[in-house]
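*Asks:* Protein chains in written order, with the working numbering: chain W, 59 to 363; chain L, 1000 to 1262.
Virtual Cβ for every residue (Gly too), placed ideally from N, Cα, C.
Handing you a structure now.
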Amino acid sequence: MANMAVAVGGTEAPPPRRAGRNWVPYALLVPGLLFLAFFYAAPMVTLGSQSLQEGNVYDGYILTGNVGIYPETLSEYWPHLFRSLGYAASATFFGLILAYPLAYYMAQKAGRWKNIMLILVIAPFFTSFLIRTLAWRIILSDGGVVSDVVQASGFDHVLNFMGLTQGDTLLNSKFAVIAGLTYNFLPFMILPLFAALDRLDPRLMEAARDLYASGWQTFRRVIWPLSLPGVVAGTLLTFIPAAGDYINSRLLGNTQTVMIGQVIDSLFLRVLDFPKAAALSFILLVMIVALVGFYVRKAGTEELV
Amino acid sequence: MKWIKKHLLLFAALAVLGYLLLPNVVVAVFSFNSPRGRYNYEWNEFSAAAWLDPCGNPGICEALGLSLRIGLTASVVATILGTLVAFALGRHRFRGRSATNLLIFMPMATPEVVMGSSLLTLFVMAGMPSGSLNITIAHIVFCVSFVVVAVKARVSSLDPRLEEAAADLGANPLQTFLRVTLPLAAPGIAAGALLAFSLSFDDYIITNFNASPSSITFPMYVWGAAQRGTPVEIFVVGTVMFLVALSIVVIGQILSSRRERKA
């Protein structure tokens, strides 16, 4: 962790203090921060309050401080919660492995292709998330190229053995959900990694080589530690949204891959059990605040935005 | 063998880019399909019918229109709010900086279900019925942070001496801002606005929590359709969106590189 502190300390510093006109930054901040206070922070309070209320949608709710809803909800839905965290962790892990070589290449080797590659990384965002997820149904469908290759190589037995798929089909499985999550959040991993690696001075790598470091040693001792702020930011931006997502599990999964977001959605909008839904949502929020808090204690807030 | 080893990193990078872009290619190809059933998942035969009549499916263009309206409103408001915050963060040192950074980061890191459901509880408690106003507010919330990130990156890389030079040449603060700072920050602001628009246009989960039956956005239309079949028209819309956004970005790149060459 010492490496990380050095890396963070050596990068972006806040701008110098300006003499006079001290009210200017506050005037600039007021509209935006007021908006976020009203429509981001206040809803978190109403969400917490909703979870502690009893009643129903038709007759209204009364705040009773029913803390017992939390153990009750957790004991009912912990499998969904753990499943979501597991899927999100897998998607983050595979995302990091896939994103690193691309981000490194863009930052250090691409030269004048850098901008074009950056555009191509952002480009998938411009087609609807839902439509792209539907496209994965086409790509992974039975009798498609991917399915044929998987079967010809015998990889389907591996997937079956690991419990990631059932039978011959790749769709409606854990495998499809994790592949979809990895794909959907990959740009959120690539961009922070790229930002960190782009600041890396190539002379550091030359110096390592001059001092007889092998390629692996250069990576392990120089590149990786200096890219850690990007790794952590990318991990947060992938893991957290992936843990709450349910589009992938709904469109690519089956009844055994239901994620926590899907439970919250149906409790809120179909079952109309607001307190339970709010409690689950609040649990998710608390876990995230804990994760972000851990990061901020290690690295400060300057690298976040 | 040595050649392969030397270019291993390039191959890995290209493979990942391919993985990222494959679904977009598939969407474009399947927009020319004439599916056998209601689901456009298997290639049957070439047809341009959906391209000739993209509004052919009932409701699709109404949904598209609503998404465009919400996207425009949300991105304009978010760009104004976000740009102001980005100038404060990129240009000034002030008390409460860490708290500001955190308040900007949190909406990007909050899962969409949490943000959508928490806003629903706020609106329910405030007695505000669901609808397109609620959706627009929700979209502004998550767009502001992304605008801040895009604009701040540009603003903090600007040379403050340019502004000092303008002041030395007799420009007042407003003139300096309008004639020097704003044009220099413009590419970042444009990037932030474009990002905000596409995030808003694309959002399903947060929208779904705050929508009413009379405010069906395009992603909600796609979701609803996907339960019963996948009309080819949605693939056409997806492809058009991709091409439009890509050309905006490419034109922007060309313009800014030309300007830099001139300077």
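Please list the residues of the segment 1103–1117 of chain L that have a C-beta atom closer than 9 Å to any C-beta atom in chain W, keeping them in chain order.
*Replies:* The segment 1103–1117 of chain L vs chain W, Cβ under 9 Å: Ile1103, Phe1104, Met1105, Pro1106, Met1107, Ala1108, Thr1109, Pro1110, Glu1111, Val1112, Val1113, Met1114, Gly1115, Ser1116, Ser1117.
*Asks:* Assign L/Ile1250 to buried or exposed, taking buried as 16 or more other Cβ atoms, counted over all protein chains shown, within 10 Å of its Cβ.
*Replies:* One-based indexing of the second sequence puts residue 1250 of chain L at position 251. Result: exposed.
*Asks:* Can you look up W/Thr69 in the DSSP assignment and give me helix, strand or coil?
*Replies:* Against the first sequence, residue 69 of chain W aligns to sequence position 11. Any reading at W/Thr69 is ruled out, since the residue's pLDDT is 44, under 50, leaving its predicted position unreliable.
*Asks:* Beta-carbon within less than 6 Å of L/Ile1233's beta-carbon, same chain only, minus the 5 sequence neighbours each way: which residues are those?
*Replies:* As a working mapping, residue 1233 of chain L is identified with position 234 in the second sequence. Closer than 6 Å at the Cβ level, and outside the excluded window around L/Ile1233, lie Val1221.
*Asks:* Answer yes or no: does any C-beta atom of chain W fall closer than 8 Å to that of L/His1091?
*Replies:* For this step, residue 1091 of chain L is matched to residue 92 along the second sequence. True, the Cβ-Cβ gap to chain W drops below 8 Å.
*Asks:* Looking at the C-beta of W/Lys105, does it have a partner C-beta in chain L at a distance below 8 Å?
*Replies:* Within the first sequence, the letter at position 47 stands for residue 105 of chain W. Note that residue 105 of chain W is Leu in the sequence shown here, rather than Lys. At least one chain L Cβ lies under 8 Å of W/Leu105.
*Asks:* What residues from the segment 1013–1034 of chain L come within 8 Å of chain W, judged by C-beta to C-beta, listed N to C?
*Replies:* Taking 8 Å as the Cβ-Cβ cut-off against chain W, the residues of the segment 1013–1034 of chain L that qualify are Val1015, Leu1016, Tyr1018, Leu1019, Leu1020, Leu1021, Pro1022, Asn1023, Val1025, Val1026, Phe1029.
*Asks:* Checking contacts by CB at 8 Å: is L/Glu1041 closer than that to chain W?
*Replies:* Residue numbering aside, residue 1041 of chain L sits at position 42 when the second sequence is read from its first letter. Yes, because at least one Cβ of chain W sits closer than 8 Å to the Cβ of L/Glu1041.
*Asks:* Counting pairs of Cβ atoms below 8 Å between the segment 281–300 of chain W and the segment 151–166 of chain W, do you hit three or more?
*Replies:* Taking 8 Å as the limit for Cβ pairs, the verdict is that the segment 151–166 of chain W does touch the segment 281–300 of chain W.
*Asks:* Using DSSP with H/G/I as helix, E/B as strand and the rest coil, what is W/Ile248?
*Replies:* Against the first sequence, residue 248 of chain W aligns to sequence position 190. In the structure shown, W/Ile248 sits in a helix (DSSP, three-state: H, G or I).
*Asks:* Alpha carbon to alpha carbon, what distance is there between W/Arg170 and W/Val179?
*Replies:* Within the first sequence, residue 179 of chain W is the residue found at index 121, counting from 1. Within the first sequence, residue 170 of chain W is the residue found at index 112, counting from 1. Roughly 16 Å separates the two Cα atoms.
*Asks:* Roughly how many angstroms lie between the CA atoms of W/Leu343 and W/Val103, to the nearest whole one?
*Replies:* The residue you call residue 343 of chain W lines up with position 285 of the first sequence. The residue you call residue 103 of chain W lines up with position 45 of the first sequence. Those two C-alpha atoms are separated by around 11 Å.
*Asks:* Are the beta-carbon atoms belonging to W/Ala181 and L/Leu1101 less than 8 Å from one another?
*Replies:* Translated into the one-based positions of the first sequence, residue 181 of chain W becomes position 123. Translated into the one-based positions of the second sequence, residue 1101 of chain L becomes position 102. No, the pair does not count as a contact, with Cβ atoms beyond the cut-off.
*Asks:* Could you spell out the range, first to last residue, of the beta strand (DSSP E) harbouring W/Asn114?
*Replies:* Here residue 114 of chain W refers to the residue found at position 56 of the first sequence. Element bounds for W/Asn114: 111–114.
*Asks:* Chain W beta carbons: is any one of them nearer than 8 Å to that of L/Trp1222?
*Replies:* Taking the first residue of the second sequence as 1, we reach residue 1222 of chain L at position 223. It does: the Cβ of L/Trp1222 has a partner Cβ on chain W nearer than 8 Å.
*Asks:* Let me make sure I understand the geometry here. Which of L/Ala1049, L/Phe1010, L/Pro1212 has the alpha-carbon closest to that of L/Val1028?
*Replies:* Position 29 of the second sequence, counted from the start, is the residue given in the question as residue 1028 of chain L. Of L/Ala1049, L/Phe1010, L/Pro1212, the residue nearest in Cα terms is L/Ala1049.
*Asks:* Check whether the Cβ of W/Tyr116 lies closer than 8 Å to any Cβ atom in chain L.
*Replies:* Counted from its first residue, the first sequence places residue 116 of chain W at position 58. No, W/Tyr116 lies away from the interface with chain L (no Cβ there is under 8 Å from its Cβ).
*Asks:* Rounded to whole angstroms, what is the Cα-Cα separation between W/Tyr119 and W/Phe252?
*Replies:* To locate residue 119 of chain W, count along the first sequence from 1; it is residue 61. To locate residue 252 of chain W, count along the first sequence from 1; it is residue 194. Approximately 48 Å between the Cα atoms of the pair.
*Asks:* Please give the ranges of any beta strand (DSSP E) in the segment 286–321 of chain W, keeping only runs that are unbroken, at least 3 residues long and fully inside the region.
*Replies:* Counting whole runs of 3 or more residues, the segment 286–321 of chain W contains no beta strand (DSSP E) stretch at all.
*Asks:* What are the start and end residues of the alpha helix (DSSP H) that includes L/Ile1136?
*Replies:* Translated into positions along the second sequence, residue 1136 of chain L becomes position 137. Segment 1131–1154, the alpha helix (DSSP H) holding L/Ile1136.
*Asks:* Distance, Cα to Cα, W/Phe352 vs W/Gly358?
*Replies:* As a first step, residue 352 of chain W is located in the first sequence; it is residue number 294 there, counting from the start. As a first step, residue 358 of chain W is located in the first sequence; it is residue number 300 there, counting from the start. Using only the alpha carbons, I get a separation of about 10 Å.
*Asks:* From W/Lys334 to W/Ile322, what distance separates their C-alpha atoms?
*Replies:* Residue numbering aside, residue 334 of chain W sits at position 276 when the first sequence is read from its first letter. Residue numbering aside, residue 322 of chain W sits at position 264 when the first sequence is read from its first letter. Between W/Lys334 and W/Ile322, the C-alpha separation is close to 8 Å.
*Asks:* Report the rounded CA-to-CA distance for W/Leu249 versus W/Ala161, giving the unit in angstroms.
*Replies:* Sequence index remark: in the first sequence, residue 249 of chain W carries index 191 (1-based). Sequence index remark: in the first sequence, residue 161 of chain W carries index 103 (1-based). C-alpha separation (whole angstroms): 7 Å.
*Asks:* Using alpha carbons as the reference points, say which of L/Leu1194, L/Ala1073, L/Met1105, L/Asn1032 lies closest to W/Tyr98.
*Replies:* To locate residue 98 of chain W, count along the first sequence from 1; it is residue 40. Nearest option by C-alpha distance: L/Met1105.
*Asks:* Going by C-alpha to C-alpha distance, which of W/Pro299, W/Leu176, W/Gly202 sits closest to W/Ala157?
*Replies:* The residue given as residue 157 of chain W occupies position 99 in the first sequence. When each option's Cα is compared against that of W/Ala157, the closest is W/Leu176.
*Asks:* Considering only the alpha carbon of each residue, which of W/Arg190, W/Ser199, W/Leu94, W/Phe184 lies closest to W/Asn306?
*Replies:* The residue labelled residue 306 of chain W in the question sits at position 248 within the first sequence. The shortest C-alpha separation from W/Asn306 is found at W/Arg190.
*Asks:* For W/Leu244 versus W/Leu284, is the C-beta spacing smaller than 8 Å?
*Replies:* Within the first sequence, residue 244 of chain W is the residue found at index 186, counting from 1. Within the first sequence, residue 284 of chain W is the residue found at index 226, counting from 1. Cβ distance not < 8 Å, so W/Leu244 and W/Leu284 don't count as in contact.
*Asks:* Shortest alpha-carbon distance to L/Val1026 belongs to which of L/Trp1042, L/Ala1085, L/Ser1097, L/Ile1059?
*Replies:* Taking the second sequence and counting its residues from 1, the one referred to as residue 1026 of chain L is at position 27. Of the candidates L/Trp1042, L/Ala1085, L/Ser1097, L/Ile1059, the one whose C-alpha sits nearest the C-alpha of L/Val1026 is L/Trp1042.
*Asks:* Taking the straight line between their C-alpha atoms, what separation do you get for L/Asn1056 and W/Arg195?
*Replies:* Along the second sequence, one-based indexing puts residue 1056 of chain L at 57. Along the first sequence, one-based indexing puts residue 195 of chain W at 137. So the alpha carbons of these two residues sit roughly 21 Å apart.
*Asks:* Along the chain, where does the beta strand (DSSP E) containing L/Ile1247 start, and where does it finish?
*Replies:* One-based indexing of the second sequence puts residue 1247 of chain L at position 248. Here L/Ile1247 belongs to no beta strand (DSSP E); instead the alpha helix (DSSP H) covers 1231–1261.
*Asks:* State yes or no: is the C-beta of W/Met263 within less than 8 Å of the C-beta of W/Val280?
*Replies:* Walking along the first sequence from the start, residue 263 of chain W turns up at place 205. Walking along the first sequence from the start, residue 280 of chain W turns up at place 222. Yes, the pair counts as a contact, with Cβ atoms nearer than the cut-off.
*Asks:* Would you mind telling me which residues of chain L sit closer than 8 Å to W/Lys232, beta carbon to beta carbon, in chain order?
*Replies:* Taking the first sequence and counting its residues from 1, one reaches residue 232 of chain W at position 174. Simply none; closest approach about 19 Å.
*Asks:* Would you say W/Leu105 and L/Thr1229 are within 8 Å of each other, going by their C-beta atoms?
*Replies:* On the first sequence, residue 105 of chain W is found 47 positions in, with the first residue counted as 1. On the second sequence, residue 1229 of chain L is found 230 positions in, with the first residue counted as 1. For W/Leu105 and L/Thr1229, no; Cβs fall outside 8 Å.
*Asks:* Taking 6 Å as the limit between beta carbons, can you name the residues of its chain near L/Pro1218, skipping five residues before and five after?
*Replies:* Taking the first residue of the second sequence as 1, we reach residue 1218 of chain L at position 219. Counting only Cβ-Cβ distances below 6 Å, and skipping sequence neighbours, we find Tyr1203.
*Asks:* From L/Ala1152, L/Gly1036, L/Asn1207, pick the residue whose C-alpha is nearest to that of L/Ser1131; which is it?
*Replies:* The sequence position of residue 1131 of chain L within the second sequence is 132, counting from 1. Ranking the options by Cα distance to L/Ser1131, first place goes to L/Asn1207.
*Asks:* Please state whether the Cβ-Cβ distance between L/Asn1209 and L/Ala1125 is less than 8 Å.
*Replies:* Start at 1 with the first residue of the second sequence, and residue 1209 of chain L comes out as number 210. Start at 1 with the first residue of the second sequence, and residue 1125 of chain L comes out as number 126. No, they are not a contact pair.
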